[in-house]
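Just remember that my numbering sits 1 ahead of the position in the sequence shown, which is counted from 1. Ideal placement from N, C-alpha and C gives every residue a C-beta, glycine not left out. Remember, predicted model here, so these are calculated numbers, not experimental data.
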Amino acid sequence: MQFTDNKTSKGNFLSVPISIDVIIVNYNAGEMLQRSVQCLLAQTFTNFRVFIVDNASTDDSLSLLVTDDHRIELLKLTENTGFARGNNIGATMGTAPWIACLNPDAFAEPNWLEKLLKGVTSDPDYVMAGSTQICATQGHLLDGAGDLYSPSGFAWRGLYRHPLSSLPPTGEVFGPCAAAALYRRDTFEAIGGFDESFFCYHEDVDLAFRLRLLGGKAIQVKEAIVHHVGSGITGTESPFAVYHGTRNRSWTFYKNMPIIPLLLLAPFHITLSSLFLIRAVFKKRFNPTWRGTIDSISGMKQVWKSRKEVQKNRTVSSLNVLKAMTWSLRKFLTRSSDVRPVKPKN
Numbered sequence: 002m003q004f005t006d007n008k009t010s011k012g013n014f015l016s017v018p019i020s021i022d023v024i025i026v027n028y029n030a031g032e033m034l035q036r037s038v039q040c041l042l043a044q045t046f047t048n049f050r051v052f053i054v055d056n057a058s059t060d061d062s063l064s065l066l067v068t069d070d071h072r073i074e075l076l077k078l079t080e081n082t083g084f085a086r087g088n089n090i091g092a093t094m095g096t097a098p099w100i101a102c103l104n105p106d107a108f109a110e111p112n113w114l115e116k117l118l119k120g121v122t123s124d125p126d127y128v129m130a131g132s133t134q135i136c137a138t139q140g141h142l143l144d145g146a147g148d149l150y151s152p153s154g155f156a157w158r159g160l161y162r163h164p165l166s167s168l169p170p171t172g173e174v175f176g177p178c179a180a181a182a183l184y185r186r187d188t189f190e191a192i193g194g195f196d197e198s199f200f201c202y203h204e205d206v207d208l209a210f211r212l213r214l215l216g217g218k219a220i221q222v223k224e225a226i227v228h229h230v231g232s233g234i235t236g237t238e239s240p241f242a243v244y245h246g247t248r249n250r251s252w253t254f255y256k257n258m259p260i261i262p263l264l265l266l267a268p269f270h271i272t273l274s275s276l277f278l279i280r281a282v283f284k285k286r287f288n289p290t291w292r293g294t295i296d297s298i299s300g301m302k303q304v305w306k307s308r309k310e311v312q313k314n315r316t317v318s319s320l321n322v323l324k325a326m327t328w329s330l331r332k333f334l335t336r337s338s339d340v341r342p343v344k345p346k347n
């Protein structure tokens with residue numbers, strides 16, 4: 002394992018061109034980080050590097066990390082930059098044509114990278130690929146099968162907490178969950194990577210939306226499997242997660258939705274957001290939901306500025322983007338899947 006200082010640098014210690022740069026952004030992951038790395042080192046596909054970006058952890062996760070594999074490089078930051086910026090920093094450390102994001106609480110099966118790469122290279126329109134996420138603590142349940150997006154501006158992880166038996170075949174989804182995803186570097190860099198103002202949560206949905214505005218598509222690969230603890234660091238539905246999820250959800254909608262659909266769908270987004278705020282009272286999550294709502298509004302000036310750039314670079318029609326969304330109210334309410342069959346090329 003190599004160590005670098007707080008300045009990012011291009012890795013050049015391997016003479017063979019690397020196919021995939023795997024980025025793990027760590028923050029107080031404890032012993033989960035070691036397990037995640039060990040699963041990577043057991044991959045059947047071996048032509049990859051691993052860049053661990055540590056967001057100024059204060060626990061023992063780095064001291065527990067023991068490996069002499071030359072493909073591992075560790076960068077220690079002096080502050081917690083968040084998931085979004087941490088991954089962007091990791092991306093600058095490599096030059097491989099594919100970038101894989103992997104959470105430190107996600108444990109990949111041996112053929113994970115092999116299956117992801119096979120799926121995403123099956124069609125040049127695929128610029129991102131998602132994994133089957135199985136709940137690490139309850140193996141009969143899914144932790145997710147791709148990110149889905151409602152026209153109302155609300156996203157969800159498909160099949161979250163659904164039985165493993167409900168998993169659909171490989172197919173197209175709106176976008177991948179960045180806990181275990183693969184992105185094509187040229188398109189990732191073309192749109193500036195993750196939006197660092199998000200810090201964390203919903204940044205993968207925002208990235209997928211922007212890639213779709215450029216004509217990119219996402220494939221959800223059934224056979225690419227990771228076992229994911231899920232919010233193993235921040236905590237499930239913690240105030241931290243609720244706040245960032247609430248704020249970033251609105252930012253994603255107002256930044257990326259093309260203008261005509263935005264005008265038509267904004268009332269639904271506002272109404273649903275208000276209902277979620279009322280629901281938060283009974284779920285004892287009102288304070289972080291309220292703060293997220295207020296901060297989403299106060300940050301709208303910068304979001305609108307970013308929107309101008311995003312929409313200026315859009316290359317597909319509004320209809321093209323809307324078709325990729327999930328319009329079914331039932332699927333939204335039940336967190337169901339909307340993986341669509343892969344269409345054969347003529």
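Exercise for the section: On a CA-only basis, which of Pro-345, Val-343, Lys-344 and Ser-337 is nearest Leu-168? Give me that one, please. Expected result: Among Pro-345, Val-343, Lys-344 and Ser-337, the Cα nearest to that of Leu-168 belongs to Ser-337.
Handout entry: Neighbourhood of Glu-115 by C-beta, 6 Å cutoff - its chain only, sequence neighbours within 5 removed
Key = Closer than 6 Å at the Cβ level, and outside the excluded window around Glu-115, lie Thr-45 and Phe-46.
Practice task
Please work out which residues of its chain come closer than 6 Å, Cβ to Cβ, to Phe-333, disregarding the five sequence neighbours upstream and downstream, and give them in chain order.
Solution key: So the qualifying residues of the chain are Ser-151.
Handout entry: At least three beta-carbon pairs within less than 8 Å, the region 266–276 to the region 134–154
Key = The region 266–276 vs the region 134–154: in contact.
Practice task
Can you grab the Cα-Cα spacing for the pair Asp-126 / Phe-195, in whole Å?
Solution key: If you draw a straight line from the Cα of Asp-126 to the Cα of Phe-195, it is about 20 Å long.
Handout entry: Those runs of the alpha helix (DSSP H) which lie wholly inside the region 262–321 and span at least 4 residues
Key = Entirely contained in the region 262–321, the alpha helix (DSSP H) runs reaching 4 residues are, in chain order, 287–299 and 301–313.
Handout entry: Whole-angstrom distance between Ala-30 and Lys-77, CA atom to CA atom
Key = Rounded to the nearest angstrom, the two C-alpha atoms are 14 Å apart.
Handout entry: beta strand (DSSP E) runs contained entirely in the region 149–236, provided each spans 3 or more residues
Key = Taken in chain order, the unbroken stretches of beta strand (DSSP E) that lie wholly in the region 149–236 and span 3 residues or more are 156–158, 172–174, 181–185 and 218–229.
Problem - Own chain partners of Thr-133 with C-beta closer than 7 Å, once the 5 adjacent residues on each side are dropped - result: Here the set comprises Ala-146, Leu-168, Lys-223, Ala-225 and Ile-226.
Handout entry: Cβ distance (whole Å) where Asn-257 is taken to contact Phe-210 below 8 Å
Key = About 4 Å separates the Cβ atoms of Asn-257 and Phe-210, confirming a contact at the 8 Å cut-off.
Practice task
Grab the span of the alpha helix (DSSP H) containing Gln-35 for me, first residue to last.
Solution key: Per DSSP, Gln-35 belongs to the alpha helix (DSSP H) from 32–42.
Practice task
Grab me the residues of Ile-271's own chain with a C-beta within less than 6 Å of its C-beta, minus the 5 sequence neighbours each way, in chain order.
Solution key: Sequence-distant partners of Ile-271 (beyond 5 residues in either direction) whose C-beta falls short of 6 Å from its own C-beta are missing from its chain.
Handout entry: CA-to-CA distance, Gly-293 to Phe-52, given in whole angstroms
Key = Approximately 31 Å, taken between the alpha carbons.
Problem - Val-260 in three-state terms, based on DSSP - result: Before going on, a small fix: residue 260 reads as Ile here, not Val. Here Ile-260 sits in helix by DSSP.
Practice task
Please go through the region 84–118 and give each complete beta strand (DSSP E) segment of 3 or more residues, from N-terminal end onward.
Solution key: If we require 3 residues or more, the beta strand (DSSP E) runs fully inside the region 84–118 come out as 99–103 and 107–109.
Problem - Identified DSSP bridge partners for Ile-21 - result: The secondary-structure analysis by DSSP pairs Ile-21 across a beta bridge with Phe-49 and Trp-99.
Exercise for the section: Check whether the region 66–77 touches the region 102–115, counting contact only when three or more Cβ pairs, one atom from each stretch, lie closer than 8 Å. Expected result: By the Cβ criterion, the region 66–77 is not in contact with the region 102–115, since fewer than three pairs of Cβ atoms, one from each stretch, lie closer than 8 Å.
Practice task
Determine the extent of the alpha helix (DSSP H) in which Lys-332 is found, giving its start and end residues.
Solution key: It spans 330–335 - the alpha helix (DSSP H) in which Lys-332 sits, taken as one unbroken run.
Exercise for the section: Confirm, please, whether the CB-CB distance from Thr-68 to Val-26 is below 8 Å. Expected result: It is not a contact, given that the beta carbons lie outside the stated cut-off.
Problem - Three-way DSSP call (helix, strand, coil) for Ser-132 in this model - result: When secondary structure is reduced to three states using DSSP, Ser-132 falls in the strand class.
Problem - For Asp-55, the residue or residues it bridges with in DSSP - result: According to DSSP, which records beta bridges pairwise, Asp-55 is partnered with Asn-27 and Lys-77.
Exercise for the section: Return the first residue and the last residue of the beta strand (DSSP E) that Gly-143 is part of. Expected result: Looking at the sequence provided, one finds Leu at residue 143 rather than Gly. Per DSSP, the unbroken beta strand (DSSP E) holding Leu-143 starts and ends at 143–145.
Exercise for the section: Under 7 Å Cβ to Cβ from Ala-57, same chain only, skipping five residues before and after it: list those, please. Expected result: Leu-78, Thr-79, Glu-80 and Asn-81, listed in sequence order.
Handout entry: Simplified DSSP state of Arg-248, which is helix, strand or coil
Key = Arg-248: helix per DSSP, three-state reduction.
Problem - Of the residues Asn-314, Gly-87, Ala-130 and Gly-216, the one placed nearest Leu-323, counting alpha carbons only - result: Comparing Cα-Cα distances from Leu-323 to each of Asn-314, Gly-87, Ala-130 and Gly-216, the minimum goes to Gly-216.
Exercise for the section: Can you say whether Lys-285 is buried or exposed, counting buried as having 16 or more other CB atoms within 10 angstroms of its CB? Expected result: Around the beta carbon of Lys-285, a 10 Å sphere encloses fewer than 16 other beta carbons of the protein chains shown; the residue is thus reported as exposed.
Practice task
Tell me whether the beta-carbon of Asp-144 lies closer than 8 Å to the beta-carbon of Gly-246.
Solution key: In this structure, Gly-246 does not lie closer than 8 Å to Asp-144 by Cβ.
Handout entry: Helix, strand or coil at Pro-345 according to DSSP, with G and I counted as helix
Key = Per DSSP, reduced to three states, the secondary structure at Pro-345 is coil, with no helix or strand assignment.
Problem - Residues that Tyr-127 bridges to, as DSSP identifies them - result: For Tyr-127, which the question treats as bridged, DSSP gives the partners Lys-218.
Exercise for the section: For Gln-221, count neighbouring Cβ atoms within 10 angstroms of its own Cβ and tell me buried if that reaches 16, exposed if not. Expected result: Gln-221 is buried by the Cβ-count criterion.
Exercise for the section: Compare the C-alpha of Tyr-28 against each of Cys-102, Asp-296 and Gly-87 and name the closest. Expected result: Out of Cys-102, Asp-296 and Gly-87, Gly-87 has the C-alpha closest to the C-alpha of Tyr-28.
Exercise for the section: Give a yes or no on whether the C-beta atoms belonging to Val-206 and Thr-138 are separated by under 8 Å. Expected result: It is not a contact, given that the beta carbons lie outside the stated cut-off.
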